[in-house]
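Chemist:
There are 4 protein chains.
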Amino acid sequence: MSAAFPTGRPGARFGAARPGPVVLGQNQYGKAENRVVKITREGATHHIKDLNVSVALSGDMEEVHLSGGNAHVLPTDTIKNTVFAFAKKHGIESAEQFGIHLARHFVTSQEPIKTARIRIEEYTWERIETSDGNSRFVGADEVKHSFVRSGQEVRTTQIAYDGTSWQVVSGLKDLTVLNSTNSEFWGYIKDKYTTLQEAYDRILATEVHARWRYHWSSDEDRMPQWDRCYAQTRKHLLQAFAETYSLSLQQTLYQMGSRVIDSRQDVDEIRLSLPNMHHSLVDLEPFGLANDSADGAVYYAADRPYGLIEATILRDGATQAIPVDLTNL
Amino acid sequence: MSAAFPTGRPGARFGAARPGPVVLGQNQYGKAENRVVKITREGATHHIKDLNVSVALSGDMEEVHLSGGNAHVLPTDTIKNTVFAFAKKHGIESAEQFGIHLARHFVTSQEPIKTARIRIEEYTWERIETSDGNSRFVGADEVKHSFVRSGQEVRTTQIAYDGTSWQVVSGLKDLTVLNSTNSEFWGYIKDKYTTLQEAYDRILATEVHARWRYHWSSDEDRMPQWDRCYAQTRKHLLQAFAETYSLSLQQTLYQMGSRVIDSRQDVDEIRLSLPNMHHSLVDLEPFGLANDSADGAVYYAADRPYGLIEATILRDGATQAIPVDLTNL
Amino acid sequence: MSAAFPTGRPGARFGAARPGPVVLGQNQYGKAENRVVKITREGATHHIKDLNVSVALSGDMEEVHLSGGNAHVLPTDTIKNTVFAFAKKHGIESAEQFGIHLARHFVTSQEPIKTARIRIEEYTWERIETSDGNSRFVGADEVKHSFVRSGQEVRTTQIAYDGTSWQVVSGLKDLTVLNSTNSEFWGYIKDKYTTLQEAYDRILATEVHARWRYHWSSDEDRMPQWDRCYAQTRKHLLQAFAETYSLSLQQTLYQMGSRVIDSRQDVDEIRLSLPNMHHSLVDLEPFGLANDSADGAVYYAADRPYGLIEATILRDGATQAIPVDLTNL
Amino acid sequence: MSAAFPTGRPGARFGAARPGPVVLGQNQYGKAENRVVKITREGATHHIKDLNVSVALSGDMEEVHLSGGNAHVLPTDTIKNTVFAFAKKHGIESAEQFGIHLARHFVTSQEPIKTARIRIEEYTWERIETSDGNSRFVGADEVKHSFVRSGQEVRTTQIAYDGTSWQVVSGLKDLTVLNSTNSEFWGYIKDKYTTLQEAYDRILATEVHARWRYHWSSDEDRMPQWDRCYAQTRKHLLQAFAETYSLSLQQTLYQMGSRVIDSRQDVDEIRLSLPNMHHSLVDLEPFGLANDSADGAVYYAADRPYGLIEATILRDGATQAIPVDLTNL
């Protein structure tokens with residue numbers, strides 16, 4: 002038992018002794034979902050950063066698992082305090098930069114902590130437009146401290162640090178897109194369980210869930226411009242989706258991913274998880290109505306089940322490092 | 002037992018006889034959450050309407066409750082079919098107009114059905130911008146059939162019809178807004194359970210849930226321009242929120258509601274339900290850090306509990322008709 | 002402007018003056034979703050009450066809406082404090098009793114507050130069974146402080162008080178039930194949009210959402226035994242669902258409601274909202290497989306759309322008081 | 002281009018040619034969330050299996066990504082059909098057994114498909130008790146076809162098959178448990194961001210998310226009794242939680258995991274993800290009320306942030322194979 006282990010408190014009893022041939026594997030702990038909002042004021046013009054920060058730490062943690070001795074444990078409450086204090090001390094330049102500050106702190110300031118993984122979700126706000134020239138209301142001059150939440154995709158990032166090298170995997174989720182034409186699906190395998198009809202003009206809709214890994218991994222190298230990279234990658238994903246004439250969602254996915262790898266030299270790998278949000282042509286023949294896609298059709302948007310297409314696209318020579326599962330289903 | 006009641010099918014047994022002094026009160030039935038997507042094509046330019054339609058019908062329905070006789074029941078499956086068929090037949094000019102078509106059909110086409118209530122949620126889509134002049138990708142000319150879901154507020158409407166007069170209550174929900182200054186809270190009641198400190202510069206954030214009732218109620222009168230009314234009402238709500246120097250969320254609510262009544266002659270009544278999404282200044286003093294709102298502060302965004310402020314604002318002389326509860330909590 | 006209204010603070014500006022013909026209608030405010038957990042210890046045996054308490058107060062509140070003057074406002078933060086303090090001071094005998102304590106306090110202790118509405122959700126916990134006679138683990142004697150959350154229905158109540166009389170509407174939600182036979186549906190209206198086939202042996206499944214109003218309304222009268230009433234009403238609902246041979250969900254609903262009114266003299270009225278969770282027989286004929294319900298069939302459980310059947314059942318002579326909408330769709 | 006690739010259909014255009022140095026990495030596709038309900042009848046006694054089945058297939062899929070050629074693609078619609086047909090053909094003995102049937106089918110019946118991963122969620126139903134001896138209602142004899150959904154944990158399994166060997170990882174999620182005493186937390190690291198007070202008698206609550214890997218991997222070996230294994234593992238997790246005197250959630254986690262490894266010879270590895278659902282003692286001193294845990298205290302149940310404790314426990318010599326992430330936060 003480690004000398005640092007606190008003993009002798011009256012009332013402290015310990016759990017069962019560790020039974021036979023059992024070992025502790027990978028473990029991590031931290032504080033999840035710290036909801037940090039940082040306002041920056043430039044005179045009357047305010048800026049907002051709205052993050053959900055989750056921290057997971059690993060290291061020399063056998064003791065606390067085996068006997069409950071907490072001498073190596075930085076409490077998750079302290080982790081939370083650190084997140085909020087750093088938001089004030091260092092500001093939030095970008096989600097990635099903020100995560101790097103935090104990860105470096107945890108790994109370098111506490112000896113038992115060997116690695117840190119910071120996950121951040123960012124919610125985007127737009128300014129509310131005011132100042133109609135002809136408004137007759139009091140206060141209708143331009144307002145620079147009022148925001149409406151964008152509600153489109155959630156931006157994400159994950160920073161991993163082991164004291165030596167960095168891994169930054171950024172991404173987005175819940176970005177719902179739809180092409181109302183230029184999508185076909187035919188020429189597939191037919192077996193005894195096939196009933197699907199081939200389609201030559203269908204709706205293709207999905208909720209983009211993407212994660213991309215940056216090449217940057219060392220303090221020696223120049224960091225990417227995180228916000229610009231994000232904006233560009235998002236634009237490439239949207240445009241590749243829109244501009245691809247699709248014969249399968251796999252093909253569209255590949256076009257989206259390869260355009261990012263091709264266009265962003267700072268990105269080595271991207272994983273996309275694309276649910277096929279089925280929109281079925283409704284059969285209106287029983288009611289004497291044609292319902293052809295060419296004429297502008299009516300579709301039924303289904304919830305479940307849905308196709309789920311997932312793939313990693315990477316730069317030749319890069320090692321695949323983003324985990325396969327972006328979803329649990 | 003009504004003559005229309007189907008009897009004699011082998012295997013049909015009936016439930017318990019109606020016990021003593023029990024009566025049937027208000028009742029309604031229908032098909033909820035029909036997810037209708039309608040694409041309209043103008044050459045290569047497509048338009049999309051994406052609705053979630055719920056229908057509730059009432060009328061002469063004693064029989065089906067008391068004995069299970071379905072002679073007066075239009076099946077909810079038929080209701081669903083009707084929704085999809087009408088989307089093709091009549092198109093979807095606006096959510097309100099579509100609901101009016103449906104309500105009129107159900108009440109006028111089936112004798113036992115006396116009233117119809119149609120509730121619609123509408124999801125908004127924006128076009129994906131393509132055609133960078135300098136794109137080197139195939140197909141990068143302007144695309145007019147690709148959409149990204151807005152993700153901001155959900156537009157709602159409720160159409161009620163009894164064969165004679167109409168009630169249209171439109172609205173929106175989940176529109177999240179935030180003022181990072183120009184909000185105070187002080188001068189309130191202090192009692193033995195008071196610990197709150199007065200605030201002279203706080204964040205005010207809420208998720209706007211609004212429903213407004215149109216004056217229009219008769220086929221004799223000219224209908225409002227539903228889409229334009231919606232856009233204007235939304236704009237007034239946002240701008241009143243942004244432009245009000247707030248001493249309480251109640252005051253902000255009243256400014257939002259009264260600006261709508263004052264600006265939109267076609268609206269007689271509006272109900273607002275505004276959760277006070279608390280953003281608390283984090284106490285960073287233990288870490289030697291000041292955290293004053295004037296310098297750009299760090300806030301903790303809390304989930305629960307939250308203040309909930311609700312009120313109806315109406316035109317003098319109008320009768321309050323929107324139900325009090327827009328939420329169940 | 003009320004003399005109690007605080008003026009003259011530097012920096013305080015007020016919103017726009019109230020424009021023309023606008024009036025304030027029904028309004029209420031409070032703190033929603035206070036998550037209170039109360040442990041009671043009887044030696045080593047512990048008991049748990051786990052509530053989500055929402056308070057809405059109304060009264061003399063014109064001032065705060067029109068000018069932001071808070072002199073009549075008991076802050077929602079104080080409301081929260083009161084909820085927690087009362088849980089300690091009075092304990093939580095039942096959700097209903099706790100709500101009655103709170104409502105009486107708010108209405109009687111603050112002059113501007115005229116009515117209080119307390120809504121409570123209760124989550125049920127069961128004991129974890131331990132003490133296998135033959136366990137070889139340390140501490141494996143009977144444990145009386147360990148619980149697992151039931152996860153079945155959420156129990157609800159709503160207490161309304163205006164200083165004179167009480168209204169108690171209790172209920173439950175999210176209680177999912179299914180009959181795998183003894184359900185038919187036929188003999189309904191056929192029109193041009195009908196495609197549904199009649200069914201003589203179908204699954205009937207629903208998620209019970211019920212609210213019942215107690216007769217009790219005066220401090221003069223003896224209160225019901227709230228916990229026993231709840232348990233009995235729940236049992237009647239479940240058994241009536243199970244024991245009814247159903248020709249329509251309306252009939253089943255009526256049997257459920259009327260059994261409660263018939264069996265519980267303390268209940269005057271019940272409202273049921275029953276989604277028809279459709280389970281469709283899957284067509285397996287293309288694969289050479291019969292799929293008849295009589296042989297034990299395979300069903301597809303659909304999410305949307307769903308039938309939604311709602312009705313109030315009441316004691317003859319009682320006035321209908323439970324609002325029509327238990328859902329927003 | 003593969004000879005199997007369908008060309009020449011009028012109107013088919015293809016996306017951009019694959020740009021430079023981009024390669025396709027791991028990829029998989031399938032139909033997610035097939036909601037299958039299977040009723041089995043033994044005379045008047047019915048049994049129910051209620052599953053949510055997700056299928057992911059991998060194999061020789063370069064073509065469909067690069068050019069949209071679907072010759073190697075078994076459509077996700079066919080996958081769905083197969084799931085429903087197999088539920089009828091083979092029944093659903095257990096989630097694991099059903100997944101094994103499906104995985105074997107996909108891998109062995111289609112040459113391009115090399116591996117299959119089947120994920121299943123199972124929802125549990127209990128019988129509704131009827132037959133009060135003294136009921137006066139019609140039909141109140143014992144009913145054997147009426148169910149109420151348990152609502153406690155969701156049972157999960159994942160079957161992976163590559164044509165040669167099997168990996169079965171079963172588990173559960175959303176099982177919420179709470180100890181109202183026998184939990185302490187002290188002796189931890191203090192740094193400049195520490196404000197937490199040590200606790201000697203606190204509530205310990207968590208929502209158990211567990212996945213365990215069975216030793217079984219070959220058709221040569223005897224399969225575990227899946228349902229019995231599940232029930233026993235669940236019991237061990239609950240009892241270890243209840244019976245551990247906890248000095249940290251890590252210690253409790255280790256006790257839960259090691260008891261499973263120690264008790265179930267068929268399980269080689271278990272991963273637990275335990276959010277620390279914080280219940281804070283409410284400070285009631287300002288109101289003159291003591292709130293000590295020893296006397297039965299009032300707690301505030303917080304939503305976010307929360308501690309998150311995760312670890313793998315495995316049999317000595319086993320290889321860690323369950324992925325680290327059971328959550329995305």
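If you're matching them up, the sequences are chains A, B, C and D in order. When we follow the working numbering, the leftmost residue of the first sequence carries the number 2, and every step to the right adds one. When we follow the working numbering, the leftmost residue of the second sequence carries the number 2, and every step to the right adds one. When we follow the working numbering, the leftmost residue of the third sequence carries the number 2, and every step to the right adds one. When we follow the working numbering, the leftmost residue of the fourth sequence carries the number 2, and every step to the right adds one. Note that beta-carbon positions come from the ideal geometry of N, C-alpha and C, so glycine has one too. Note that the coordinates shown come from a computational prediction; the quantities given were computed from them, not determined experimentally.
Please work out which residues of its chain come closer than 6 Å, Cβ to Cβ, to Ser247 (chain B), disregarding the five sequence neighbours upstream and downstream, and give them in chain order.
Modeler: By 1-based counting over the second sequence, the position of residue 247 (chain B) is 246. For Ser247 (chain B), where only same-chain residues beyond five positions count, the Cβ hits under 6 Å are Ser184, Leu205 and Thr253.
Chemist: Between the C-alpha atoms of Val155 (chain D) and Pro276 (chain A), what's the straight-line distance to the nearest angstrom?
Modeler: Here residue 155 (chain D) is taken as the residue at index 154 of the fourth sequence, counted from 1. Here residue 276 (chain A) is taken as the residue at index 275 of the first sequence, counted from 1. Rounded to whole angstroms, Val155 (chain D) to Pro276 (chain A) spans 23 Å at the Cα level.
Chemist: Below 7 Å between beta carbons is the criterion; list the residues of the segment 31-56 of chain D that meet it against any residue of chain C, in chain order.
Modeler: Listed by position along the chain: Arg36, Val37, Val38, Lys39, Ile40, Thr41, Arg42, His47 and Ile49.
Chemist: Going by DSSP, what residue range makes up the beta strand (DSSP E) through Gln321 (chain D)?
Modeler: Against the fourth sequence, residue 321 (chain D) aligns to sequence position 320. Taken as a continuous stretch (DSSP letters only), Gln321 (chain D) belongs to no beta strand (DSSP E), as it is neither H nor E.
Chemist: What does a CB cutoff of less than 7 Å around Pro11 (chain A) pick up in its chain, not counting 5 residues either side in sequence?
Modeler: The residue given as residue 11 (chain A) occupies position 10 in the first sequence. Per-residue confidence for Pro11 (chain A) stands at a pLDDT of 33, beneath the threshold of 50, marking its modelled position as unreliable; no derived number is given.
Chemist: Kindly indicate which three-state DSSP category Leu250 (chain A) falls into: helix, strand or coil?
Modeler: Numbered from its first residue, the first sequence carries residue 250 (chain A) at position 249. Here Leu250 (chain A) sits in helix by DSSP.
Chemist: On the three-state DSSP scale, how would you describe Asp228 (chain B)?
Modeler: Residue 228 (chain B) sits at position 227 when you count from the first residue of the second sequence. Asp228 (chain B) falls in the helix class under three-state DSSP.
Chemist: Which stretch, first to last residue, makes up the alpha helix (DSSP H) that contains Asp78 (chain D)?
Modeler: For the purposes of this step, residue 78 (chain D) is identified with residue 77 of the fourth sequence, where counting begins at 1. From DSSP, the alpha helix (DSSP H) with Asp78 (chain D) extends over Thr77 to Lys90.
Chemist: Buried or exposed: which applies to Glu122 (chain A), given that a residue is buried once 16 or more other Cβ atoms fall within 10 Å of its Cβ?
Modeler: Taking the first residue of the first sequence as position 1, residue 122 (chain A) is located at position 121. Under this definition Glu122 (chain A) is a buried residue.
Chemist: If we call anything under 9 Å between Cβ atoms a contact, is Arg260 (chain C) one with Leu238 (chain C)?
Modeler: Position 259 of the third sequence, counted from the start, is the residue given in the question as residue 260 (chain C). Position 237 of the third sequence, counted from the start, is the residue given in the question as residue 238 (chain C). Yes, Cβ-Cβ distance for Arg260 (chain C) and Leu238 (chain C) is below 9 Å.
Chemist: Select from the segment 274-287 of chain D all residues with a C-beta closer than 7 Å to any C-beta belonging to chain B, and list them in chain order.
Modeler: Those would be Pro287, in chain order.
Chemist: Rounded to the nearest angstrom, what separates Thr79 (chain D) and Tyr301 (chain A) at their Cα positions?
Modeler: Reading the fourth sequence from its first residue, position 78 is the one you call residue 79 (chain D). Reading the first sequence from its first residue, position 300 is the one you call residue 301 (chain A). Rounded to the nearest angstrom, the two C-alpha atoms are 19 Å apart.
Chemist: Of all the CB atoms in chain G, is at least one closer than 9 Å to the CB of Ser171 (chain C)?
Modeler: Within the model displayed, chain G is absent; protein chains A, B, C and D are what it includes.
Chemist: Please go through the same chain and pick out, in chain order, the residues whose beta-carbon is closer than 7 Å to the beta-carbon of Leu25 (chain A), but skip the five residues on each side of it.
Modeler: As a working note, residue 25 (chain A) is residue 24 in the first sequence. If we look at Leu25 (chain A) and ignore the five residues flanking it on each side, its Cβ neighbours are Glu63 and His66.
Chemist: In this structure, how does DSSP classify Pro113 (chain D) when only helix, strand and coil are distinguished?
Modeler: Taking the first residue of the fourth sequence as 1, we reach residue 113 (chain D) at position 112. Here Pro113 (chain D) sits in coil by DSSP.
Chemist: Consult DSSP for Gln159 (chain B) and reduce its assignment to one of helix, strand or coil.
Modeler: In the second sequence, residue 159 (chain B) corresponds to position 158, counting from 1. Reduced to three states, the DSSP call for Gln159 (chain B) is strand.
Chemist: Less than 6 Å between C-beta atoms, sequence neighbours within five positions excluded: which residues of the same chain meet that for Asp228 (chain A)?
Modeler: Numbered from its first residue, the first sequence carries residue 228 (chain A) at position 227. Counting only Cβ-Cβ distances below 6 Å, and skipping sequence neighbours, we find Ser95.
Chemist: Of all the options B:Leu315, B:Asn180, B:Gln240 and B:Thr182, which has the alpha carbon lying nearest to the alpha carbon of Arg272 (chain B)?
Modeler: If you number the second sequence from 1, residue 272 (chain B) lands on position 271. Answer by Cα proximity: B:Leu315.
Chemist: Which residues in the same chain have their Cβ closer than 6 Å to the Cβ of Trp126 (chain A), if we skip the five residues on either side of it in sequence?
Modeler: Residue numbering aside, residue 126 (chain A) sits at position 125 when the first sequence is read from its first letter. If we look at Trp126 (chain A) and ignore the five residues flanking it on each side, its Cβ neighbours are Ile49, Phe148 and Arg150.
Chemist: Indicate the three-state DSSP secondary structure (helix, strand or coil) for Tyr300 (chain C) in the structure shown.
Modeler: Numbered from its first residue, the third sequence carries residue 300 (chain C) at position 299. Looking at Tyr300 (chain C) - three-state DSSP - the assignment turns out to be strand.
Chemist: What is the DSSP secondary structure of Leu179 (chain D), counted as helix, strand or coil?
Modeler: Against the fourth sequence, residue 179 (chain D) aligns to sequence position 178. Here Leu179 (chain D) sits in strand by DSSP.
Chemist: Check the DSSP bridge columns for Asp51 (chain A) and list the partner residues they point to.
Modeler: Counting from one through the first sequence, the residue named residue 51 (chain A) turns up at place 50. Beta-bridge pairing links Asp51 (chain A) to A:Val38 and A:Tyr124.
Chemist: If distances are taken between C-alpha atoms only, which option among A:Ser274, A:Phe107, A:Leu290 and A:Ile40 comes closest to Thr177 (chain A)?
Modeler: Within the first sequence, the letter at position 176 stands for residue 177 (chain A). That would be A:Ser274, whose Cα lies nearest to the Cα of Thr177 (chain A).
Chemist: By the three-class DSSP mapping on this structure, what secondary structure does His102 (chain C) have?
Modeler: Position 101 of the third sequence, counting from 1, holds the residue named residue 102 (chain C). In the structure shown, His102 (chain C) sits in a helix (DSSP, three-state: H, G or I).
Chemist: Can you look up Pro243 (chain C) in the DSSP assignment and give me helix, strand or coil?
Modeler: Indexing the third sequence from 1 puts residue 243 (chain C) at position 242. In the sequence on display, residue 243 (chain C) carries Ala and not Pro. Residue state, collapsed to three classes: helix.
Chemist: Hey, does His73 (chain D) have any beta-carbon neighbour from chain A nearer than 9 Å?
Modeler: On the fourth sequence, residue 73 (chain D) is found 72 positions in, with the first residue counted as 1. Interface residue, yes.
Chemist: Pop quiz: Ile323 (chain D) and Val84 (chain D) are said to be a contact at Cβ under 8 Å. What is the actual Cβ separation, rounded to whole angstroms?
Modeler: Counted from its first residue, the fourth sequence places residue 323 (chain D) at position 322. Counted from its first residue, the fourth sequence places residue 84 (chain D) at position 83. Not a contact, Cβ separation roughly 25 Å.
Chemist: Where does Val23 (chain A) land, buried or exposed, given buried means 16+ other C-beta within 10 angstroms?
Modeler: As a first step, residue 23 (chain A) is located in the first sequence; it is residue number 22 there, counting from the start. Result: buried.
Chemist: Using the beta-carbon of each residue, which ones in chain B are nearer than 9 Å to Ala211 (chain A)?
Modeler: As a first step, residue 211 (chain A) is located in the first sequence; it is residue number 210 there, counting from the start. Going along chain B, no residue has its Cβ under 9 Å from Ala211 (chain A), so there is no contact; the nearest lies around 14 Å.
Chemist: By the three-class DSSP mapping on this structure, what secondary structure does Gln168 (chain A) have?
Modeler: Mapped onto the first sequence, residue 168 (chain A) falls at position 167. Strand, per DSSP.
Chemist: Of the choices C:Thr46, C:Thr234 and C:Val74, whose alpha-carbon is the least far from that of Met257 (chain C)?
Modeler: On the third sequence, residue 257 (chain C) is found 256 positions in, with the first residue counted as 1. The shortest Cα separation from Met257 (chain C) among C:Thr46, C:Thr234 and C:Val74 belongs to C:Thr234.
Chemist: Taking the alpha-carbon of Glu311 (chain B) as reference, which of C:Arg36, C:Leu58 and C:Val38 has the nearest alpha-carbon?
Modeler: For the purposes of this step, residue 311 (chain B) is taken as the residue at position 310 of the second sequence. It is C:Leu58 whose Cα lies nearest to the Cα of Glu311 (chain B).
Chemist: Can you name the residues of chain C whose CB is closer than 9 Å to the CB of Thr195 (chain B)?
Modeler: As a working mapping, residue 195 (chain B) is identified with position 194 in the second sequence. Near Thr195 (chain B) (Cβ distances below 9 Å), the residues of chain C are Leu75, Pro76, Asp78, Thr79 and Asn82.
Chemist: Between the beta-carbon of Ala303 (chain D) and the beta-carbon of Leu282 (chain D), is there less than 9 Å?
Modeler: Taking the fourth sequence and counting its residues from 1, one reaches residue 303 (chain D) at position 302. Taking the fourth sequence and counting its residues from 1, one reaches residue 282 (chain D) at position 281. Cβ distance not < 9 Å, so Ala303 (chain D) and Leu282 (chain D) don't count as in contact.
Chemist: On a CA-only basis, which of A:Asp269, A:Lys193 and A:Glu130 is nearest Gln240 (chain B)? Give me that one, please.
Modeler: If you number the second sequence from 1, residue 240 (chain B) lands on position 239. Minimum Cα distance to Gln240 (chain B) is reached at A:Glu130.
Chemist: Does the distance from the CB of Ile160 (chain D) to the CB of Arg118 (chain D) come in under 9 Å?
Modeler: The residue given as residue 160 (chain D) occupies position 159 in the fourth sequence. The residue given as residue 118 (chain D) occupies position 117 in the fourth sequence. Yes.
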